[in-house]
Each structure stands twice: as structure tokens, then as C-alpha cells.
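Reading the sequence shown from the start, the letters are residues 46 to 110 in our numbering.
Where is the CB? At the ideal position from N, CA and C, for every residue including glycine.
Report on the structure given below.
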Amino acid sequence: MTPDFLKKYRKHALVVVLILAAVITPPDIISQIIVAIPIMLLYQVSIFISRVVIKRQLKREKENA
46 MTPDFLKKYR KHALVVVLIL AAVITPPDII SQIIVAIPIM LLYQVSIFIS
96 RVVIKRQLKR EKENA
């Protein structure tokens, strides 16, 4: 997945994460937030990693061309 795709659907991912956190935790909002924050941080890290990978691929293709 490209970083642009992940950025475009970040809000959708947040909604899905919040719903998932609501399902897997007790009905306490603090617990839901405690579960949702690390998941969203992982989503942000995946955007960063995909950006690095795409840049490396483009650099490698440019060198081989």
C-alpha cells in the first residue's frame, strides 16, 4: 500500500479502530482509548515505513534504469 493511500483512509481507519476497541474492551471509555492509541500509532508507523520502502524502490529503479 502506498503512503498516500494510507493517509487518504486514515480517518476511516480511526473509526474502525475505535469500533474495534469498543468491541474488545469493557464499556469504559478510558479502556477503549488505551487500546485505540497503540493501534493508531502502529497505523502511523506503517505510513512511515511504506514511505521509506517506496522511496528505496524508486531510488533502486532509477539507479537500474
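Pairwise C-alpha distance: residue j and residue i
i    : j    : result
I78  : A110 : 48 Å
K100 : K107 : 10 Å
D49  : A81  : 22 Å
Y54  : Q89  : 12 Å
I74  : V97  : 35 Å
L87  : L59  : 12 Å
L65  : K52  : 20 Å
R105 : I94  : 17 Å
Buried or exposed (CB count within 10 angstroms, at least 16 for buried), residue i
i   : result
V62 : buried
Residue from the options with nearest C-alpha to residue i
i   : options              : result
T47 : I92, T70, R101       : I92
I84 : I69, R96, Q102, K104 : I69
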